[in-house]
Amino acid sequence: MTKPHLELTGVEMAFDTPKGSFVALDNINLKIKKGEFVSLIGHSGCGKSTVLNIVAGLLQASKGGCILDGHEINAPGPERAVVFQNHALMPWLTVYENVELAVQQVFRKTMTKQERRSWIHHNLELVNMAHAANKRPGEISGGMAQRVGIARALAMKPSVLLMDEPFGALDALTRAHLQDSLMSIQQDLNNTVIMITHDVDEAVLLSDRIIMMTNGPAAAVGEDLYINLERPRNRVTLADDPTYVHYRQEVLKFLYEKQRKLENIAPHRNKKATSTTTNHSAQTAKI
Amino acid sequence: MSTLLNPSSETRIRGGLKVLTDRFNVAELTQAGKQLLLPMVGILIFLGFWHLAAPQVNTSLGTFPGPVQVWEQSGQLWQEHLNQRERADKFVTMQEERNARILAEDPNAKVKIRGYPGAPTFLDQIATSLVTVMAGFLLATAIAVPLGIVLGLNRHLQAAVNPLIQIFKPVSPLAWLPLVTMVVSATYVSDDPMFEKSFLTSMITVTLCSLWPTLINTGVGVAAVNPDLLNVSRVLQLSFWTHVRKVVLPSSIPIIFTGLRVSLGIAWMVLIAAEMLAQSPGLGKFVWDEFQNGSSQSLSRIMAAVLAIGFIGFVLDRIMLMIQKKIAWNE
């Protein structure tokens with residue numbers, strides 16, 4: 040464990056805007072171990088998605104870089120599978136065909152047709168979606184579609200699983216259910232996961248480590264919190280667990296005291312200007 | 003299900019079911035009736051208005067034809083077609099008999115086989131027009147869809163080509179026709195031509211006028227693919243062709259089809275105009291010939307042609323809709 044599995048070094052991201060260069064991220068340094076579940080948390084517009092997209096290779100950092108297992112990342116690839124916020128399934132393909140598209144692409148040469156078929160079914164069973172294999176995304180609920188999105192990502196056997204607010208668009212009950220599924224899948228497969236979230240409970244419950252990001256522009260890593268809770272974790276028993284409550288408070292303090300203070304210190308006029316540019320950058324980052 | 007019940011309750015329930023199904027049928031019938039009734043009422047009112055208004059319009063060829071005259075002339079056109087067919091059949095059998103006779107006398111004699119020289123009937127003209135419009139439309143589709151995909155994928159190319167599209171899109175077929183005629187006569191020189199020049203002229207004019215809606219819609223559809231899906235494609239490292247085939251095309255199929263339907267409508271309209279002006283065989287020529295003919299029946303025959311043109315256009319659109327429902331995933 041001398042060399043980290045995934046390493047971000049001095050990552051800076053600047054977007055060109057009509058008003059000049061806008062620095063979204065400033066000097067992000069991260070070392071992530073194999074099998075670690077890392078959450079990125081921060082206020083909206085702080086550049087969480089940008090960090091994820093840089094790791095995914097969908098965006099290129101203006102400065103610094105990102106190394107995975109000794110190789111520099113400069114393009115997207117299936118070894119860094121992404122789970123998108125709104126499932127991003129092809130609406131014209133069935134659930135099975137959606138996963139097949141990924142499996143076909145990644146394992147065309149290494150698996151026989153028969154092996155691929157059973158591998159697709161295996162992944163659909165993993166997320167409890169085998170029963171809907173022949174349905175289109177439009178015929179299943181948002182939570183089900185998100186499961187399929189996860190199955191598709193897992194089916195690529197990624198070395199890093201990147202999740203961009205995977206449960207953000209779901210209702211609270213479905214979300215809790217999917218979080219539990221994700222925890223048990225993670226327990227079995229021991230993937231490295233980077234997950235973006237807005238949800239403090241989600242972050243503490245799922246993660247080994249929470250990276251808290253300061254507000255943009257020029258967002259950076261604010262605090263790096265290790266969550267030492269026994270697995271498997273149970274959301275009901277953890278609710279009164281003093282360690283859990285403590286971690287939760289740490290994150291809340293960061294988000295609502297430290298980061299808020301910073302914003303208040305800034306002169307009023309300045310703040311307005313930054314908040315508009317921040318929104319703008321968030322949009323460009325998503326595109 | 004009825005076997006589970008005892009006989010006395012079975013009859014009662016059957017009676018109840020019968021009433022229920024009857025009522026259901028009645029409801030269904032009224033639903034179907036309503037769907038049919040209103041269009042029928044509309045058509046009847048139109049026919050009545052036409053019947054009353056037509057005699058008020060006097061032209062040099064007599065009064066404007068009402069629905070009755072047009073109906074009669076439609077029957078007449080059909081009869082002419084049948085007669086012509088009969089004569090053509092006779093011509094062919096006579097020719098075959100004569101050739102057989104010649105060959106019996108001298109096996110080495112060269113026999114001539116001529117086509118029937120009679121004038122094409124109204125139905126022949128419809129067939130010609132349909133073939134021409136389909137050829138022109140298919141050629142337009144074969145150009146517009148791939149070009150639209152390329153433009154939709156490349157924003158710079160789109161920006162460069164867009165002004166040309168905007169300028170050529172509104173051009174009337176009548177403006178293209180002389181140019182197309184001259185170019186076709188100059189370039190398509192062959193001793194044994196596969197196609198008639200008039201066919202090529204009409205077809206190319208149709209293509210030039212009808213490819214724009216498909217081209218524009220394909221470009222828009224391809225450029226509007228959900229960015230998340232594009233990212234999925236990038237993460238999967240799909241090759242260019244797989245990307246186009248599996249992501250871009252399926253995603254834009256619905257909007258491409260909207261364009262195709264508009265294109266086909268335009269193609270049909272343009273074709274009639276082109277045939278009229280170019281004197282190439284087809285429905286347009288039929289209308290023009292009748293107009294030049296100027297008999298007392300001409301107006302009725304033209305009106306019959308107008309209705310046929312409209313009806314065929316409607317059927318073509320319905321066929322496209324059916325194909326769209328077969329192919330598009332969102333239908």
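Chains as they are written, first to last, in our numbering: chain A, 40 to 326; chain B, 3 to 333.
By construction, the Cβ of each residue, glycine as well, lies at the ideal position given by its N, Cα and C atoms.
What residues from the stretch 100 to 127 of chain A come within 9 Å of chain B, judged by C-beta to C-beta, listed N to C?
So the close ones are A114, P115, G116, P117, R119, A120, V121, F123, Q124, N125, H126 and A127.
Leaving out five residues on either side along the sequence, give the residues of the same chain with a beta carbon under 6 Å from the beta carbon of A:Y286.
Leaving aside the five residues that flank A:Y286 on each side, the residues in its chain whose CB is nearer than 6 Å to its CB run, in chain order, V243 and I266.
From which residue to which residue does the alpha helix (DSSP H) around B:T183 run?
Counting along the chain, the alpha helix (DSSP H) containing B:T183 begins and ends at P175 to T189.
Taking Cβ to Cβ, would you say A:D55 is nearer than 8 Å to A:A259?
It is not a contact, given that the beta carbons lie outside the stated cut-off.
For chain A, find out if any of its Cβ atoms is closer than 8 Å to the Cβ of B:L155; answer yes or no.
Judged by the 8 Å Cβ criterion, B:L155 is not in contact with chain A.
CA-to-CA distance, A:G49 to A:I106, given in whole angstroms:
Those two C-alpha atoms are separated by around 12 Å.
Selection from B:A225, B:R263, B:P252 and B:D194 that minimises the alpha carbon distance to B:A161:
Minimum Cα-Cα distance from B:A161 among the listed residues B:A225, B:R263, B:P252 and B:D194 corresponds to B:A225.
Using 8 Å as the Cβ pair cut-off and three pairs as the minimum, do the stretch 233 to 251 of chain A and the stretch 74 to 91 of chain A touch?
As far as the Cβ criterion goes, the stretch 233 to 251 of chain A touches the stretch 74 to 91 of chain A, which means the pair count is three or higher.
Beta carbon proximity, B:R236 to chain A, threshold 8 Å:
Chain A contact via Cβ: present.
By Cβ distance, which residues of its chain are closer than 8 Å to A:P117, with the 5 residues on each side in sequence left out?
Around A:P117: A141, Q144, V145, M195 and P197.
Take A:G261 and list the residues in its own chain whose beta-carbon comes closer than 8 Å to its own, dropping the five residues that flank it on each side.
These residues qualify, in order along the chain: G81, M251, M252, T253, F293, K297 and Q298.
By DSSP, does A:V62 sit in helix, in strand, or in coil?
It is a strand residue.
With a 10 Å radius around its C-beta and 16 neighbouring C-beta atoms as the bar for buried, classify B:L181 as buried or exposed.
The residue is exposed, with fewer than 16 neighbouring Cβ atoms inside 10 Å.
Specify whether the stretch 108 to 116 of chain B and the stretch 145 to 161 of chain B touch according to this definition: at least 3 beta carbon pairs, one from each stretch, less than 8 Å apart.
Two segments are said to touch when three or more pairs of C-beta atoms, one from each, lie closer than 8 Å; by this definition the stretch 108 to 116 of chain B does not touch the stretch 145 to 161 of chain B.
Please list, in chain order, the chain A residues whose beta carbon lies closer than 9 Å to that of B:P252.
Those within 9 Å of B:P252 in chain A are M129, P130, W131 and L132.
C-alpha gap between B:T95 and B:A102, whole angstroms:
Their backbone Cα atoms lie some 10 Å apart in a straight line.
Beta-carbon separation of B:I304 and B:V317 under 8 Å?
Not a contact, by the Cβ cut-off of 8 Å.
Please classify A:M341: does DSSP put it in a helix, a strand, or coil?
No statement about residue 341 of chain A is possible, as the shown extent of chain A runs from 40 to 326 and does not include it.
Put B:N60 into one of helix, strand or coil per three-state DSSP.
The answer is strand: DSSP assigns B:N60 an E or B state.
If the criterion is Cβ atoms closer than 8 Å, does the pair B:S200 and B:G138 meet it?
Taking 8 Å as the Cβ cut-off, B:S200 and B:G138 do not qualify as a contacting pair.
Name the chain A residues that come within less than 8 Å of B:V249, Cβ to Cβ?
Around B:V249, the beta-carbon contacts reaching into chain A at under 8 Å are M129.
Using CA coordinates, which residue listed in A:V121, A:S60 and A:V275 is at the minimum distance from A:G188?
Comparing Cα positions, the closest option is A:V121.
Chain B within 8 Å of A:A95, Cβ atoms only:
So yes, A:A95 belongs to the interface.
Please list, in chain order, the chain A residues whose beta carbon lies closer than 7 Å to that of B:L231.
What B:L231 touches in chain A: A127 and M129.
Rounded to the nearest angstrom, what separates B:Q33 and B:V222 at their Cα positions?
Roughly 39 Å between the two C-alpha positions.
Taking C-beta to C-beta, are B:G68 and B:P57 nearer than 8 Å?
Less than 8 Å separates the beta-carbon of B:G68 from that of B:P57.
In three-state terms, what does DSSP make of B:R157?
It is helical.
Look at the alpha carbon of B:L323 and the alpha carbon of B:R263, and state the distance between them as a whole number of angstroms.
Straight across, the Cα-Cα distance linking B:L323 with B:R263 is about 8 Å.
Would A:Q21 count as contacting chain B if we go by Cβ distances under 8 Å?
The structure shown does not extend to residue 21 of chain A, since chain A is modelled only from 40 through 326, so no value can be given for it.
Quick one: grab the DSSP three-state call for A:E289.
The three-state secondary structure of A:E289, taken from DSSP, is helix.
The beta strand (DSSP E) enclosing B:K114, as first and last residue numbers:
Counting along the chain, B:K114 falls outside any beta strand (DSSP E), and DSSP gives it neither H nor E.
Can you tell me where the beta strand (DSSP E) holding B:M271 begins and where it ends?
Taken as a continuous stretch (DSSP letters only), B:M271 belongs to no beta strand (DSSP E), being part of the alpha helix (DSSP H) at L251 to A280.
So is A:R214 buried or exposed if we call it buried at 16+ other beta carbons inside 10 Å?
Result: buried.
Mind checking which residues open and close the alpha helix (DSSP H) that includes A:C105?
Run containing A:C105: none in the alpha helix (DSSP H); it sits in the beta strand (DSSP E), K102 to L107.
Host beta strand (DSSP E) of A:Y265 (start-end):
Residues V260 to Y265.
On the CB-based measure, 16 or more other CB atoms within 10 Å of its CB, does A:T149 come out buried or exposed?
Result: exposed.
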